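J.: Counting with numbering that gives the first Met the number 0, you get residues 0 to 265 for the letters of the sequence shown.
Glycine included, C-beta positions come from ideal geometry on N, C-alpha and C.
The model shown is predicted, which means the values in this text are computed figures rather than measured ones.
Submitted below is the structure of interest, expressed as structure tokens.
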Amino acid sequence: MITSLRLLISGVVLLGFAKRRVPENFRRLVKDKKSLVGVVVFGLLGLVLNQLAYLKAVGYTNAGTATVLQYLCPILVLAYTCLRARQRPTLVEVISILLAIGGTFLIATHGQVSDLAVTPIGLFWGIFSAFTYAIYIILPVQLIREYGSLLVMGFGMLAGGILLTLGFQTWQEPLILNADNLLGFIGIVGIGTIFAYTVFLEGVSLVGSVKGSLLASIEPIASVIFSVLLVHEIFYPLDLVGMVLILVAVLLISVKDMILQKKHQL
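Shown next, in the form of structure tokens:
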């Protein structure tokens with residue numbers, strides 16, 4: 000119920016805001032059936048299916064294993080980008096992706112390979128979550144460039160929320176609302192959904208799918224930091240190594256872009 004509610008509410012809020020801020024784009028998107036179908040498909044395949052696949056992977060394996068498998072996503076994004084552009088990946092891109100995956104592995108498992116619980120069905124859902132995450136990153140890029148992230152995310156979330164509500168009949172589940180739950184839910188909707196999803200995809204539309212998927216690898220770092228600060232979880236030395244690997248991966252891509260920009264300016 001929480002997932003469907005946050006998608007529905009976030010979708011309505013974003014669309015209401017977008018209609019006031021960019022009314023021309025709103026009308027254009029509603030009239031453009033092809034683009035509207037693309038946004039709905041993004042909501043179903045990119046938003047809903049990715050969340051379901053990840054939760055299934057966690058259920059059949061564990062959180063660490065599911066995280067490592069989902070963050071194979073940059074490989075898929077890079078493969079798609081190279082095939083579409085008919086060019087080979089650069090050495091910097093390959094090294095950066097391997098570093099990011101290695102860093103995610105260390106953070107998710109603390110270096111304990113035995114903590115990886117991989118069954119055939121768990122492996123399927125984990126890899127499938129990586130595919131759907133790649134779809135989530137790649138699919139809306141052109142739509143966001145044309146209509147803006149507010150509209151694309153708004154319609155996508157609304158479509159995803161409606162599907163989840165009807166598919167799982169979430170209205171039949173009990174909803175307990177007290178001050179703490181309400182405050183937490185507002186945080187999930189406002190910061191964790193509306194702000195995080197919209198800003199991330201806006202960034203992807205600006206820097207590209209490959210760099211966007213690599214930058215998303217910083218998420219496990221934030222997860223560790225907030226877990227230590229807010230819920231006082233144990234910080235392992237290998238977590239720091241994992242963080243460094245991910246930051247080096249992002250730094251490599253950033254430095255490469257800076258060098259290319261300077262070459263173009265000369």
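1. Within 8 Å, do at least three Cβ pairs link the stretch 116-134 to the stretch 8-18?
2. According to DSSP, is T164 helix, strand or coil?
3. Go ahead and pull the three-state DSSP assignment for F104.
4. Does the beta-carbon of S3 have 16 or more other beta-carbons within 10 angstroms, so that it is buried, or is it exposed?
5. Would you give the residue range spanned by the alpha helix (DSSP H) that T60 belongs to?
6. Nearest by alpha-carbon distance to C72: which of I100, N61, Q86 is it?
7. I'd like the list of long-range same chain contacts for Q111, defined as Cβ closer than 6 Å, with 5 residues on each side in sequence excluded.
8. Any beta carbon of chain D sitting closer than 9 Å to that of C81?
9. Considering Cα atoms alone, identify which of V223, F41, N180, G207 is closest to A235.
10. Which value, in whole angstroms, describes the spacing of the CA atoms of L77 and Q69?
11. Does the distance from the CB of I217 to the CB of L244 come in under 9 Å?
12. Nearest by alpha-carbon distance to L28: which of Q50, L149, S95, F225 is it?
13. Compare the C-alpha of L98 against each of M242, E23, S253 and name the closest.
14. On the three-pair Cβ rule with 8 Å, is the stretch 127-141 touching the stretch 41-50?
15. Quick check: T103 and T66, are their CB atoms within less than 9 Å of each other?
16. From what residue to what residue does the alpha helix (DSSP H) around G37 run?
17. Run through the stretch 137-205 for me and flag every whole alpha helix (DSSP H) of 4 or more residues, listed as ranges in chain order.
18. Using the C-alpha atoms, what's the distance from P22 back to G63?
19. Going by C-alpha to C-alpha distance, which of L142, G125, L205 sits closest to Y53?
20. Compare the beta carbon distance of I187 and R26 with 9 Å and say whether it is the shorter of the two.
21. For V40, which option in T60, G159, V230 has the closest C-alpha, if you only look at C-alpha atoms?
22. Between the stretch 82-97 and the stretch 140-154, do at least 3 Cβ pairs fall closer than 8 Å?
23. Go through its chain and collect everything with a Cβ distance to K18's Cβ below 6 Å, but skip five positions before and after it.
24. When the Cα of I94 is compared with those of K210, S128, E232, which residue comes out closest?
T.: Looking at the atomic coordinates:
1. no
2. Within the sequence shown, the letter at position 165 stands for residue 164. Helix, per DSSP.
3. Translated into positions along the sequence shown, residue 104 becomes position 105. Helix, per DSSP.
4. As a working note, residue 3 is residue 4 in the sequence shown. Buried is the call here.
5. Taking the sequence shown and counting its residues from 1, one reaches residue 60 at position 61. Note, T60: premise wrong, no alpha helix (DSSP H); not H, not E.
6. Walking along the sequence shown from the start, residue 72 turns up at place 73. When each option's Cα is compared against that of C72, the closest is I100.
7. For the purposes of this step, residue 111 is taken as residue 112 along the sequence shown, with counting starting at 1. There are no such residues.
8. Included in the structure is just one protein chain, with no chain D present.
9. Against the sequence shown, residue 235 aligns to sequence position 236. One point to set straight first is that residue 235 is Tyr, not Ala, in the sequence displayed. Of the candidates V223, F41, N180, G207, the one whose C-alpha sits nearest the C-alpha of Y235 is V223.
10. Here the question's residue 77 lines up with position 78 in the sequence shown. Here the question's residue 69 lines up with position 70 in the sequence shown. Roughly 15 Å between the two C-alpha positions.
11. What you label residue 217 is simply residue 218 of the sequence shown in a count that begins at 1. What you label residue 244 is simply residue 245 of the sequence shown in a count that begins at 1. Result no, Cβ atoms of I217 and L244 do not sit closer than 9 Å.
12. Counting from one through the sequence shown, the residue named residue 28 turns up at place 29. Considering only alpha carbons, the answer is L149.
13. Position 99 of the sequence shown, counted from the first residue, corresponds to residue 98. Comparing Cα positions, the closest option is M242.
14. yes
15. Indexing the sequence shown from 1 puts residue 103 at position 104. Indexing the sequence shown from 1 puts residue 66 at position 67. Closer than 9 Å, so yes.
16. Translated into positions along the sequence shown, residue 37 becomes position 38. 32-40 is the span of the alpha helix (DSSP H), which, as asked, contains G37.
17. 140-146, 148-167, 178-186
18. For the purposes of this step, residue 63 is taken as the residue at position 64 of the sequence shown. For the purposes of this step, residue 22 is taken as the residue at position 23 of the sequence shown. Taking the straight line joining both Cα atoms gives about 43 Å.
19. Taking the sequence shown and counting its residues from 1, one reaches residue 53 at position 54. With distances taken between Cα atoms, Y53 lies closest to G125.
20. The count along the sequence shown starts at 1 and reaches residue 187 at position 188. The count along the sequence shown starts at 1 and reaches residue 26 at position 27. The answer is no: Cβ separation not under 9 Å.
21. Here residue 40 refers to the residue found at position 41 of the sequence shown. Nearest option by C-alpha distance: G159.
22. no
23. Position 19 of the sequence shown, counting from 1, holds the residue named residue 18. So the list reads F25, once near-sequence residues are dropped.
24. Walking along the sequence shown from the start, residue 94 turns up at place 95. Among K210, S128, E232, the Cα nearest to that of I94 belongs to K210.
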